[in-house]
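The C-terminal residue of the sequence shown carries number 861 in our numbering, and the numbering is unbroken. To start, the structure itself, in structure tokens.
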Amino acid sequence: MKRLEGKVAFLTGAAGGIGAATARRFVAEGARVALADLNGDAAQALADEIGEAAIAFGVDIGEEAAFKAAIDATATAFGRLDILFNNAALTDMATMIGDSNAVDISNEIWERTLHVNVTGYLYGCRHAIPHIAAAGGGSIINMASGSGMLGDQARIAYGTSKAAVISMTKYLATQHGHQKIRCNGIAPGPIVTPHSRAVGGAEFAIIARHMPMGELGEPADIAALASFLAAKESRYINGQIITIDGGMSAHHAHVMDMQDHVARLAAAASPQPVGA
Ligand SMILES: NC(=O)c1ccc[n+]([C@@H]2O[C@H](COP(=O)([O-])OP(=O)(O)OC[C@H]3O[C@@H](n4cnc5c(N)ncnc54)[C@H](O)[C@@H]3O)[C@@H](O)[C@H]2O)c1
Numbered sequence: 586m587k588r589l590e591g592k593v594a595f596l597t598g599a600a601g602g603i604g605a606a607t608a609r610r611f612v613a614e615g616a617r618v619a620l621a622d623l624n625g626d627a628a629q630a631l632a633d634e635i636g637e638a639a640i641a642f643g644v645d646i647g648e649e650a651a652f653k654a655a656i657d658a659t660a661t662a663f664g665r666l667d668i669l670f671n672n673a674a675l676t677d678m679a680t681m682i683g684d685s686n687a688v689d690i691s692n693e694i695w696e697r698t699l700h701v702n703v704t705g706y707l708y709g710c711r712h713a714i715p716h717i718a719a720a721g722g723g724s725i726i727n728m729a730s731g732s733g734m735l736g737d738q739a740r741i742a743y744g745t746s747k748a749a750v751i752s753m754t755k756y757l758a759t760q761h762g763h764q765k766i767r768c769n770g771i772a773p774g775p776i777v778t779p780h781s782r783a784v785g786g787a788e789f790a791i792i793a794r795h796m797p798m799g800e801l802g803e804p805a806d807i808a809a810l811a812s813f814l815a816a817k818e819s820r821y822i823n824g825q826i827i828t829i830d831g832g833m834s835a836h837h838a839h840v841m842d843m844q845d846h847v848a849r850l851a852a853a854a855s856p857q858p859v860g861a
């Protein structure tokens, strides 16, 4: 028996790097999936590739009526809804460049970011919960980020939105546990996706230097965790934020530089053979 046999999942941001990897993983685990994305063509292309276990919707999660209609249509098409993967977020270049600091960010970017990344997740929960409850319970997985736990040079709105997602996750877990609906968050470190490679590829070497494992994560790493959180195996995990970052957040910021420094001191202190 596969982990998600008979289950139905609704995924947002499903055409993106992490969303598509998770959709494929859920289907491999036996689920049927609804793929929702602002980029409806890309969501449809993925649904076509997956076949009859998938349907697609071109949806802006910030538009409540359209988002609700897609969730309701999923429950009608597949007869139930068990899993919501709230995963979409504004990752387009214009938003990322404009999302700077408190002094320079425009109200428009601040408000749009909080609306999509936070209120959009609320809409998803609001309209999925009645279906999940009707199915006897299930799992909501919210996409947070390490950026919701630590500060950064830029992206104050994105980080603030992810901190709100972390808090919302705990409230959902608390308020809907009695309906056997669990809610957990995933907080990834840097994950290499086609999009992040395009916009941030030049920074990967800097980041990797500060990773204990010396490498960035892959969408499949997140998909594996999401499938575990969606499945019955994790039935007693509720209200948790699971960090998945190769150990990036486990150490003090200076440690990797200090390792290099100590190695240089040790090399300088060791006697070198003549002629070396
Ligand atoms: N890649 C990383 O390093 C990383 C790290 C931490 C957290 N995350 C989070 O993981 C999630 C997925 O990110 P990704 O790396 O796969 O990014 P991505 O850019 O590949 O995918 C994001 C998807 O969301 C869609 N989207 C954007 N706005 C939308 C809206 N209003 N309605 C519906 N869909 C919308 C986009 O069209 C895109 O397909 C995001 O919540 C992101 O914040 C990513």
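Backbone N, C-alpha and C fix where the C-beta goes; we use that ideal spot for every residue, glycine too.
Residue i Cβ short of 7 angstroms to ligand 1 heavy atom set
i: G831; result: no
i: M728; result: yes
i: P858; result: no
i: P775; result: yes
i: A674; result: yes
i: A638; result: no
i: G705; result: yes
i: V618; result: no
i: G744; result: no
i: N769; result: no
i: I826; result: no
i: D737; result: no
i: S781; result: yes
i: A758; result: no
i: I646; result: yes
i: V612; result: no
i: A718; result: no
i: T778; result: yes
Separation of residue j from residue i, as counted between CA atoms
i: E696; j: M798; result: 36 angstroms
i: L810; j: A838; result: 26 angstroms
i: D806; j: A848; result: 32 angstroms
i: A606; j: E693; result: 31 angstroms
i: A630; j: L620; result: 10 angstroms
i: G832; j: I826; result: 15 angstroms
i: F642; j: G722; result: 24 angstroms
i: M796; j: G683; result: 27 angstroms
i: Q764; j: N671; result: 19 angstroms
i: A749; j: A854; result: 50 angstroms
i: R588; j: V703; result: 29 angstroms
i: P775; j: D830; result: 7 angstroms
i: A599; j: L850; result: 49 angstroms
i: Y706; j: C768; result: 12 angstroms
i: S732; j: A616; result: 30 angstroms
Residue nearest to residue i in terms of C-alpha spacing, selected from the options
i: E614; options: G602, A600, G643 and M586; result: M586
i: I603; options: A793, A674 and E818; result: A674
i: M734; options: C710, F652, S834 and A851; result: S834
i: Q844; options: R794, G625, V859 and G802; result: R794
i: K755; options: N823, S812 and D645; result: N823
i: I881; options: G731, I741, P856 and V618; result: Residue 881 is absent from the model: the chain starts at 586 and stops at 861.
i: S730; options: A719, N686 and I771; result: I771
i: N686; options: I668, Y743 and A632; result: Y743
Contact between the region 712 to 719 and the region 784 to 793 (3+ Cβ pairs under 8 angstroms): no
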